[in-house]
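For reference, the structure discussed in these notes is given below.
Numbering (mature numbering (1 follows the signal peptide of the UniProt record, and there is no 0)), first residue to last: -20 to -1, 1 to 61.
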């Protein structure tokens, strides 16, 4: 009986922790001077992959989560390549 009570207490702790994050958190991210974007074919293709420098900012807004992933909206993208 004692193991069941301890297991239930631990499970409720994990559930309350997972639900305690705010779903409307927004953060601004900055692409620094040494950030790059790669354009081209990936995998078994023989065409080249081109690398270009990229700079700028964007906003990520957390929209939800499930047991495997967190989901975000990307907005206010201001990139220069």
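Glycine included, C-beta positions come from ideal geometry on N, C-alpha and C. Since the structure is predicted, the reported quantities are computational estimates derived from the model, not experimental observations.
Three-state secondary structure assigned by DSSP to residue i
i: residue 58; result: strand
i: residue 12; result: coil
i: residue 36; result: strand
Distance between beta carbons of residue j and residue i, contact taken as under 8 angstroms
i: residue 60; j: residue 35; result: 5 angstroms
Residues near residue i by beta carbon distance below 7 angstroms, same chain, minus five either side
i: residue 52; result: 40, 41, 42, 43
i: residue 20; result: 27, 28, 29, 30
i: residue 45; result: 51
Those residues which DSSP pairs with residue i across a bridge
i: residue 31; result: 18
i: residue 41; result: 6, 53
When the options are compared against residue i, the one with the closest alpha-carbon
i: residue 58; options: 20, 38, 47, 13; result: 38
Neighbourhood of residue i by C-beta, 6 angstroms cutoff - its chain only, sequence neighbours within 5 removed
i: residue 11; result: 34, 35, 36
Cutoff 8 angstroms; reference residue i; Cβ partners in own chain excluding five residues on either side
i: residue 6; result: 39, 40, 41, 42
i: residue 14; result: 33
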